[in-house]
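**Student:** For the sequence shown, this note's numbering gives the first residue as 21, with consecutive numbering after it.
Glycine included, each C-beta is placed from N, C-alpha and C at the ideal position.
First, the structure itself, so that you have it in front of you.
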Amino acid sequence: MARHTITLIPGDGVGPEVSEAARRAIDATGVDIEWEVHNAGLDVMEEYGQPMPDHVLESIRRNKVAIKGPLTTPVGKGIRSVNVSLRRELDLFALVRPCKWYPGVRSKYSDVDLIIVRENTEDLYAGIEFQEGQPDTHRLIDVIGELGDRRQIRKDSGISIKPISIGATRRVFEFAFRWARANGRRKVTAVHKANIMKHTDGLWLHVAEMVAKENGDVEFEDRIVDNMAMQLVQKPELYDVMVMPNLYGDILSDLCAGLVGGLGLAPGANMGDDIAVFEATHGSAPKYTGQNKTNPMAMMFSGMMMLRHIGEGEAADRLERALAEVIAEGRDVTYDMKADRDDPTAVGTSQVADAVVARLGR
Ligand code: NAD
Numbered sequence: 021m022a023r024h025t026i027t028l029i030p031g032d033g034v035g036p037e038v039s040e041a042a043r044r045a046i047d048a049t050g051v052d053i054e055w056e057v058h059n060a061g062l063d064v065m066e067e068y069g070q071p072m073p074d075h076v077l078e079s080i081r082r083n084k085v086a087i088k089g090p091l092t093t094p095v096g097k098g099i100r101s102v103n104v105s106l107r108r109e110l111d112l113f114a115l116v117r118p119c120k121w122y123p124g125v126r127s128k129y130s131d132v133d134l135i136i137v138r139e140n141t142e143d144l145y146a147g148i149e150f151q152e153g154q155p156d157t158h159r160l161i162d163v164i165g166e167l168g169d170r171r172q173i174r175k176d177s178g179i180s181i182k183p184i185s186i187g188a189t190r191r192v193f194e195f196a197f198r199w200a201r202a203n204g205r206r207k208v209t210a211v212h213k214a215n216i217m218k219h220t221d222g223l224w225l226h227v228a229e230m231v232a233k234e235n236g237d238v239e240f241e242d243r244i245v246d247n248m249a250m251q252l253v254q255k256p257e258l259y260d261v262m263v264m265p266n267l268y269g270d271i272l273s274d275l276c277a278g279l280v281g282g283l284g285l286a287p288g289a290n291m292g293d294d295i296a297v298f299e300a301t302h303g304s305a306p307k308y309t310g311q312n313k314t315n316p317m318a319m320m321f322s323g324m325m326m327l328r329h330i331g332e333g334e335a336a337d338r339l340e341r342a343l344a345e346v347i348a349e350g351r352d353v354t355y356d357m358k359a360d361r362d363d364p365t366a367v368g369t370s371q372v373a374d375a376v377v378a379r380l381g382r
């Protein structure tokens, strides 16, 4: 059996707990993995002077595959999100987030099986921002005012720039069609607001339509993002793979996670041309740090995606079945999966891992 070397970044907050639980579950599949464990985030700032030290990036570049726990982004302290810079540094341009309902999950919905593909490098999240009151911001406002008959931007504005390029749009749609085909999905939906933002979302839609023509074997349609939000709540079963720019992808990922049981169950994969970094949709949930309380299943499902990615599909299927059994039984699950969040029968993070590992060992 081939040995895989994989970078593991435990993360901070509840990251180390859910990552350890996921590592145990992945190891219990019997796949031979050598873990290269590297810390990143606020905890290593003092030691290395940056939250994502070079040796961590080098490990991911060398191994081509990583799984990471969540990393905290402090609010308003001038530190850019480590997650955003990791995606940019490694050019992980597509974030794949499956939202699948499993029997036993408490939700208003059943039979939801959606995939969000979120463009990861552009849009309002590109980080090109101008602070209110700064000389550069005033200059930019003046230049925009001079450019023809555009409406004047108020002087006391802050500005965030929204770039959407032909190249980045094309590659994320080409990825989505490839992914849809490889995973037996029937339809790709392009999500946008092209009726209002003609030169960004309009371009996005135009490029999507071109790529769709080149991939005629997969069905294609488009939806305006506000309508998409309503449709997802009313009839999620109509959709399959949805491709969207960064900001809409961030928001609709949480909406879709809500359809299938919440953040504790929502996995993800940041994909580049030859590097993949797997991580849950949820963040570091700091208020639960060290309490053995949060749900490790989102990280475990991310591990399942990782196993499929490295060609260990049979092990991935076994991990998925073990998780589905634990969910269906409803006994060894964390507080977020109980009808009442204060249910005293809820188990902790490591007990979920025990239950999943026990099933894999049978
Ligand atoms: P969060 O996802 O950390 O937590 C929001 C709430 O969701 C929690 O308080 C908890 O009630 C629930 N929750 C989250 N994960 C859960 C789990 N596994 N099991 C059970 N319940 C769970 O979101 P936040 O509070 O907005 O962000 C906290 C920090 O995490 C911020 O610094 C943010 O920047 C960071 N973050 C990191 C990532 C990442 O590393 N990819 C993603 C999102 C947020």
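1) May I ask you to report which of helix, strand or coil DSSP gives Glu-241?
2) Is Ile-330 helix, strand or coil by DSSP?
3) Would Thr-92 pass as a contact of Leu-115 if the rule is Cβ separation under 8 Å?
4) Return yes when at least one heavy atom of ligand 1 lies under 7 Å from the C-beta of Asn-103, else no.
5) Among the candidates Lys-182, Ala-359, Leu-160, whose CA atom is the shortest distance from the CA of Asp-176?
6) Going by other Cβ atoms of all chains shown within 10 Å of its Cβ, with 16 needed for buried, is Glu-78 buried or exposed?
7) I need the residues with a C-beta less than 5 Å from some heavy atom of ligand 1; please give them in chain order.
8) Just confirm the distance between the C-beta atoms of Asp-260 and Arg-206, as a whole number of angstroms; I'd bet it's less than 8 Å.
9) Is the segment 145-163 close to the segment 301-314, with three or more CB pairs under 8 Å?
10) Using C-beta distances below 7 Å, list every residue in its chain close to Leu-225, excluding the 5 sequence neighbours before and after it, in chain order.
11) May I ask you to verify whether the segment 78-89 touches the segment 28-46, counting CB pairs closer than 8 Å and requiring at least 3?
12) Can you list the alpha helix (DSSP H) stretches of 4 or more residues lying completely in the segment 258-309, in chain order?
13) For Tyr-122, collect the residues of the same chain with a Cβ closer than 6 Å to its Cβ; drop the 5 residues on either side in sequence, then sort them by chain order.
14) Quick check: the Cα distance between Ser-273 and Leu-252, rounded to an integer number of angstroms?
15) Examine the Cβ distances between the segment 319-330 and the segment 41-52 and report whether three or more of them are shorter than 8 Å.
16) Just curious, the alpha helix (DSSP H) that Lys-88 is in, first and last residue?
17) For the alpha helix (DSSP H) that Ile-164 lies in, which residues bound it at each end?
18) Per DSSP, which one or two residues make a beta bridge with His-212?
19) For Met-230, count neighbouring Cβ atoms within 10 angstroms of its own Cβ and tell me buried if that reaches 16, exposed if not.
20) Report the rounded CA-to-CA distance for Pro-73 versus Val-57, giving the unit in angstroms.
21) Helix, strand or coil for Trp-199, going by three-state DSSP, please let me know.
22) For Val-102, collect the residues of the same chain with a Cβ closer than 8 Å to its Cβ; drop the 5 residues on either side in sequence, then sort them by chain order.
23) By DSSP's criteria, Ile-179 is part of a beta bridge. Which residues make up the other side?
24) Fully enclosed by the segment 36-70, which beta strand (DSSP E) runs are 3 residues long or longer?
25) Going by the CB atoms, is the gap between Val-297 and Ile-26 shorter than 8 Å?
**Tutor:** Let me spell this out:
1) Assigned with DSSP and collapsed to three states, Glu-241 falls in strand.
2) Judged by DSSP in its simplified three-state form, Ile-330 adopts coil rather than helix or strand.
3) Taking 8 Å as the Cβ cut-off, Thr-92 and Leu-115 do not qualify as a contacting pair.
4) Result yes, Cβ under 7 Å from ligand 1.
5) Nearest neighbour of Asp-176 by Cα position, chosen from Lys-182, Ala-359, Leu-160, turns out to be Leu-160.
6) Answer is exposed; the Cβ neighbour count stays below 16.
7) Taken from the N-terminal end onward, the list reads Pro-90, Leu-91, Thr-92, Thr-93, Asn-103, Leu-283, Gly-284, His-302, Gly-303, Ser-304, Ala-305, Thr-314, Asn-315, Asp-356.
8) Right, the Cβ-Cβ distance comes to about 6 Å (below 8 Å), so this counts as a contact.
9) The answer is no - the segment 301-314 does not touch the segment 145-163, with fewer than three Cβ pairs under 8 Å.
10) Once the five neighbours on either side are set aside, the close Cβ partners of Leu-225 are Ala-210, His-212, Ala-214, Asp-242.
11) When Cβ pairs closer than 8 Å are counted between the two stretches, the segment 78-89 is seen to touch the segment 28-46, the count reaching three or more.
12) Runs of the alpha helix (DSSP H) inside the segment 258-309: 266-279.
13) Ala-344, Ile-347, listed in sequence order.
14) Straight-line Cα distance between these residues: approximately 11 Å.
15) Cβ pair count under 8 Å is three or more, so yes.
16) Counting along the chain, no alpha helix (DSSP H) covers Lys-88; the unbroken beta strand (DSSP E) around it starts and ends at 85-88.
17) It spans 155-166 - the alpha helix (DSSP H) in which Ile-164 sits, taken as one unbroken run.
18) According to DSSP, His-212 bridges with Ile-244.
19) The C-beta of Met-230 has fewer than 16 other C-beta atoms within 10 Å across all chains shown, which makes the residue exposed.
20) Distance between the alpha carbons of Pro-73 and Val-57 is about 13 Å.
21) Trp-199 falls in the helix class under three-state DSSP.
22) Ala-60, Gly-61, Pro-71, Met-72, Leu-91, Thr-93, listed in sequence order.
23) DSSP, once it has assigned bridges, lists Phe-150 as partnering Ile-179.
24) Runs found: 53-57.
25) No, the Cβ-Cβ distance between Ile-26 and Val-297 is not below 8 Å.
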